[in-house]
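These notes are about the structure you will find just below.
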Amino acid sequence: AFKAAVLIQQWYRRYVARLEMRRRCTWRIFQSIEYACEQDQIKLHNFFSYLMDHFTPSSSKERDFISRMFISGESFKEAELEKYCDYESMEVPDSYTGPHLSFPLLPDHATALLEAFKQKQQLHARYVLNLLHETRKHLKQLPNISHVSTCYSEEVTVCGDLHGQLDDLFLIFYKNGLPSPSKSYVFNGDFVDRGKHSLEILIILFTFLLIYPKEVHLNRGNHEDHMVNLRYGFTKEVMHKYKVHGKKILKMIQNVFCWLPLATLIDQKVLIIHGGISDTTDLDMLEKIQRNKFISVLRGKKRKESNRNVETQETNEKSKAEADPAGNEAAPSLPPSPQPAQAPSTANRLEFSRWVRQTVQEQIERCRQLVDISESEEEELTYASVVSLTDLDGLCQTRQEDWKQILDILWSDPMPQEGCIVNTVRGGGCYFGPDVTRKILEKYNLQFLIRSHECKQEGYEFCHNRKVLTIFSASNYYEIGSNRGAYVKLGPDLVPHFVQYQANKAAHTLTMTQRQGFPVALISRVEESAFRALREKLFAHTSALISAFKAYDKDNMGRITLSNWATAVESVLHLGLPWRMLRPQLVRSTTDGMLEYKSWLDDLAMEQRSQEHIQTSLLEVIYRNRSNLETIFRIIDKDHSGLISFEEFHQTWKLFSSHMNTELTDDGINDLVRSIDFNKDGNIDFNEFLEAFRLVRQSQ
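Mapping of the sequence shown onto UniProt numbering: residues 1 to 700, in sequence order.
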């Protein structure tokens, strides 16, 4: 009996260990893919910034278009914004059955909103704009760093990222109670994107902020940024829910975001920031920054005056060289561009359009390579030294430092090693070590830091000798069962007390058999989702993988060892995953320890192929670039109508053609537009945009 008990114990321990290993591998996959997407977002923005820096507008019309497209949030002055987002002229019809708001707001209004959103009702656009207007007025009065005291309430509750997951917010309020004079809340940024109910979360938080301005505090996160919203879903959500007034709502939200405070201090002892710190973080400087000037933190570079001409550009470059005696490295200049091929006659529309599209793709790809973040970046460089080498396009030193301060606190992550280095994984901010944390705490007499920004399996995690606490409040972030959400409560003793939860409706629908094996079933479900995403990622890089595999296939036999397979995959994807451990889930069949990589890639293609008529190579490119293409489309679509007008496309083409040194007549551009407008409705929708992209690759 004793031996049997020991055997059972050993078996059970091995079983639990295997489950834990599967869970950790799954987590690594999700997180690596998420951060790779954030890198793409920053690279895409750098690409557009680069185009802008090398474009000289030739007319006031082009100047206006650029202003709308890239600095749209800054083109509205105070009075203009008020007039543009005029809510008083909107009438609420008698048929409207949703909640009504009147100002000043009362607790009953908040309760009515909560009940309405639980019933899937929608707040009328007039009330949304009115709420945003009042919220903006309130936020403008707040300092950059909010100060909270536990003397005025029993405790302070700190919540992390919510990312549009309304069920998590409902669960927090159910467990912890609604905001009140005796219950203060700090919501630490990233209220929007990814989830389906970002706007409802904003409405609820802004409502409680106006009702209890001393008890509810909101910090800005890296997703409170309209450039990020274009990619991760919030812009699309607002335009879907408010088709008529969505553009006005987005414009107002964009302005509200830039007025959100940057940090919160509890009892002068606990600093709450969204991302982290760097070795140059200065709270005194943060207090003085004009935070509303940074509508998009990604937009560190600012375009020179839009009415500059070639002569003034040369003068600026000369002045910049004189003002930089230290010899700081300048931004990379455009290398000599290869002369474009002779353009075919415009009489042959199909041939001409194909030539133009091919030229666009070749030149854009070349530009993208120029602005890409180098993969061989020296990690030994400190973060401060790397940033000091970056040319911020004529910004004064003060503005550059302000931007870096905000970028650091919104995008940075802690690391176990000492020091402070560039965050190459996310593409923005830095990695800061325990020594950086220690210096900040000592300098400002703080006990510890609370930050969010990273999904944690248990909803929270300590690091740096328990001096840095990460809190994340969006449960089931990657997949149902992938992680718990959590919030932390601080009393006068500032000892953190955690509450974990999982807003999981699917768990209630499981059968009795499934409930008995719930942890196993849950891990299997999450694992399956992670490997599906990873296989999509592998498929999207098929061409690069083939090249990498051939480097190990010296005899051109179409087979490589599994060890070489793992090395080659990492050299292409750069995800930092344990490929040898993941291999059994990704590679199903081998012969004598060798992998026939062409048949393996064919199997991946069969999984992803959704339309028979699309070639695998074209589908691969679309998979790899779809997010970037959709972001580009939404940037061009300045009125968020879901369609690009001929005029918008015409002006955009002017931007690209100036970079490519391609001279085209208006007739030539109009011919290009008509060739993309496949259904001949006078506009270009996203499907046509993708199809044109597919045809470009086909012509190559």
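C-beta atoms are modelled at their ideal positions from N, C-alpha and C, and glycine is treated no differently.
DSSP, reduced to helix, strand and coil, places proline 213 outside both helices and strands of the structure shown, so it counts as coil. Looking at the DSSP output, histidine 147 bridges to Leu265.
Beta-bridge pairing by DSSP links valine 128 to no other residue. For the pair glycine 433 and alanine 1, the Cα-to-Cα distance works out to about 52 angstroms.
For lysine 183, the secondary structure class from DSSP, reduced to helix, strand or coil, is strand.
The alpha carbon of tyrosine 152 has as its nearest neighbour, out of Glu454, Val216, Leu166, Cys159, the alpha carbon of Val216. In the DSSP secondary-structure assignment, lysine 137 is not bridged to any residue.
Within a 10 Å sphere around the beta-carbon of glutamine 400 sit 16 or more other beta-carbons, which makes this residue buried. Proline 107 carries a helical assignment under DSSP once its states are collapsed to helix, strand and coil. According to the DSSP secondary-structure assignment, serine 645 is paired through a beta bridge with Asn683. Separation of phenylalanine 549 and arginine 28 (C-alpha to C-alpha, rounded to the nearest whole angstrom) is 24 angstroms. In chain order, Val297, Gly300, Gly428, Gly429 place their CB closer than 7 angstroms to the CB of leucine 407, counting only its own chain and leaving out the 5 sequence neighbours on each side. Judged by DSSP in its simplified three-state form, arginine 24 adopts helix.
Annotation for leucine 171: Tyr501, Ala503 place their beta carbon closer than 7 angstroms to its own, counting only its chain and skipping 5 residues before and after. The count of Cβ pairs closer than 8 angstroms, one atom from the stretch 113-123 and one from the stretch 246-254, stays below three, leaving the stretches out of contact. Close CB contacts of tryptophan 411 within its chain, under the 7 angstroms cut and outside five residues either way in sequence, are with Asn222, Gly275, Asn423, Arg426, Gly428, Gly429 (chain order). C-alpha of glutamate 442 to C-alpha of serine 529: approximately 44 angstroms in a straight line. Counted as a single uninterrupted DSSP element, the alpha helix (DSSP H) harbouring arginine 438 occupies residues 434-444.
Taken through DSSP and simplified to helix, strand or coil, aspartate 161 comes out as strand. Contact annotation: glycine 481 and phenylalanine 472 have beta-carbon atoms that are not nearer than 7 angstroms.
Each residue's CA atom was taken as its position, placing serine 184 and phenylalanine 462 some 23 angstroms apart. For glutamine 254, the uninterrupted alpha helix (DSSP H) run begins and ends at 246-257, by DSSP. For methionine 594, the secondary structure class from DSSP, reduced to helix, strand or coil, is strand. For alanine 486, the enclosing beta strand (DSSP E) starts and ends at 485-490.
Assigned with DSSP and collapsed to three states, arginine 588 falls in coil, not helix or strand. Distance from the Cα of glycine 593 is smallest, within the candidate group Leu286, Ile560, Asp555, for Ile560. Using a Cβ distance threshold of 7 angstroms, leucine 202 and phenylalanine 187 do not count as a contacting pair.
Residue burial is scored here from C-beta neighbours: valine 569 has at least 16 other C-beta atoms within 10 angstroms and is therefore classed as buried.
Taking one beta carbon from each stretch, the stretch 132-144 and the stretch 282-295 have 3 or more pairs nearer than 8 angstroms; the two touch. For proline 179 and valine 488, the gap between their C-alpha atoms comes out near 15 angstroms. Tryptophan 259 and aspartate 603 have their C-alpha atoms roughly 50 angstroms apart.
Per DSSP, the continuous beta strand (DSSP E) segment holding arginine 451 begins and ends at 448-451. A straight-line Cα-Cα distance of about 49 angstroms links isoleucine 253 and lysine 598. With a 10 Å radius around the Cβ and a threshold of 16 neighbouring Cβ atoms, phenylalanine 208 comes out buried. Within the same chain, Ala548 come within 8 angstroms of serine 571 by CB-CB distance, once the 5 residues on both sides are set aside.
In its chain, beyond the 5 residues on either side, Lys183 have a beta carbon closer than 8 angstroms to the beta carbon of glycine 177.
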